[in-house]
Amino acid sequence: MHTRVVIADDHLPVLASVGAAVAATGATVVARARSPDELLAALHELPCDLLVCDYAMPVDAQVDGIEMVHGIRSQWPELPVIMLTTMSNGVILRALLESGVRGLVDKAAPALELHAAIRAVEQGDTVVSPSFTEAIAGYAAHLDEPVLWREIARMFERGRSTSEIAAMLGVPVSCVERHKLASTVGGDEDTPKTESQRHPCEPHR
């Protein structure tokens with residue numbers, strides 16, 4: 001069965017290019033929306049398997065992308081969301097991932113990047129455009145090591161996968177795996193015991 005996709009952006013040329021990228025994956029665009037209101041109406045009316053959505057669609061209420069995602073996730077918690085944006089604020093990008101967004105794709109990137117992101121999210125992965133990785137990594141770089149490890153532990157408790165946590169913190173998967181191993185063998189999770197565990201989390205550059 002083809003993946004059913006709702007796409008949303010307030011610019012018609014972007015909607016057209018996103019629709020083409022979706023079609024190239026073999027998925028089917030079941031609705032196009034140009035505002036949060038149109039998007040919510042489409043989600044209520046049509047069953048879909050994936051949402052590809054712009055971060056900033058102007059509305060009178062000035063609802064930002066994070067609020068919009070929270071609203072969507074509260075009603076459709078299982079619906080995967082790929083967010084399109086040109087923003088490079090690491091704090092906001094990470095907040096979007098924390099809110100449940102499964103993909104962050106740079107609108108300025110080639111269409112093939114969105115194509116690959118759709119494929120990856122269909123497989124259950126979390127995807128972040130390379131152009132955003134350093135901005136997200138900057139968040140982790142400013143965390144003390146015990147704080148970073150507590151963040152990793154908190155995300156595991158929330159059911160996040162190893163790859164999701166690595167993407168959200170901008171750190172290598174090996175960092176997250178070492179934390180998981182350390183917590184499995186016991187001891188204080190906030191304080192890695194071995195030398196290799198004390199310095200596993202150099203952010204991606």
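For the sequence shown, UniProt numbering gives the first residue as 1, with consecutive numbering after it. Where is the CB? At the ideal position from N, CA and C, for every residue including glycine.
Practice item. Give the single residue among Met68, Leu104, Val91, Leu50 whose Cα lies nearest to the Cα of Leu79. Key: Leu50
Practice item. Spell out the partners DSSP gives Ile7 in its beta bridges. Key: Arg32, Val52
Check your understanding: Hey, quick one: how far does the alpha helix (DSSP H) through Thr85 stretch, first residue to last?
Key -> Per DSSP, Thr85 belongs to no alpha helix (DSSP H); it is in the beta strand (DSSP E), 81 to 85.
Review point. What whole-angstrom Cβ distance do Ala109 and Ser129 have, given they're in contact under 8 Å?
Key: 6 Å
Point to revise | Per DSSP, cross-strand counterpart(s) of Val127 | key: Gly103
Practice item. Under 8 Å by Cβ, that's how I've got Met68 and Ser35 pegged, so tell me the actual separation to the nearest angstrom. Key: Not quite, the Cβ-Cβ distance comes to about 10 Å (not below 8 Å), so this is no contact.
**Study point:** Proximal residues to Val22 (C-beta, below 6 Å), its chain only, five neighbours per side dropped
**Key:** Val5, Val29
Review point. How big is the Cα-Cα spacing for Ser17 and Phe156?
Key: 36 Å
Practice item. Take Thr25 and list the residues in its own chain whose beta-carbon comes closer than 7 Å to its own, dropping the five residues that flank it on each side. Key: His115, Ile118, Arg119
Review point. What is the rounded straight-line gap between the Cα of Ile136 and the Cα of Arg178?
Key: 20 Å
Point to revise | Straight-line gap, Trp76 to Lys107 (C-alpha atoms, nearest Å) | key: 24 Å
**Study point:** Three-state class that DSSP yields for Ser17 in the structure shown
**Key:** helix
**Study point:** Which of helix, strand or coil DSSP assigns to Arg154
**Key:** helix
Check your understanding: If we ignore side chains and look at the alpha-carbon of each, how far apart do Thr85 and Leu181 end up?
Key -> 35 Å
Practice item. Consult DSSP for Pro25 and reduce its assignment to one of helix, strand or coil. Key: With the sequence shown as reference, residue 25 is identified as Thr, and Pro is not the correct amino acid for it. Thr25 falls in the coil class under three-state DSSP.
Check your understanding: Measuring CA to CA, which of Arg32, Ile7, Arg102 is closest to Arg73?
Key -> Arg102
**Study point:** Own chain residues within Cβ distance below 8 Å of Gly19, not counting five before or after
**Key:** Ile7, Val29, Arg32
Check your understanding: To the nearest angstrom, how far is it from the Cα of residue 228 to the Cα of Glu98?
Key -> There is simply no residue 228 to check, as the chain begins at 1 and stops at 205 in what is shown.
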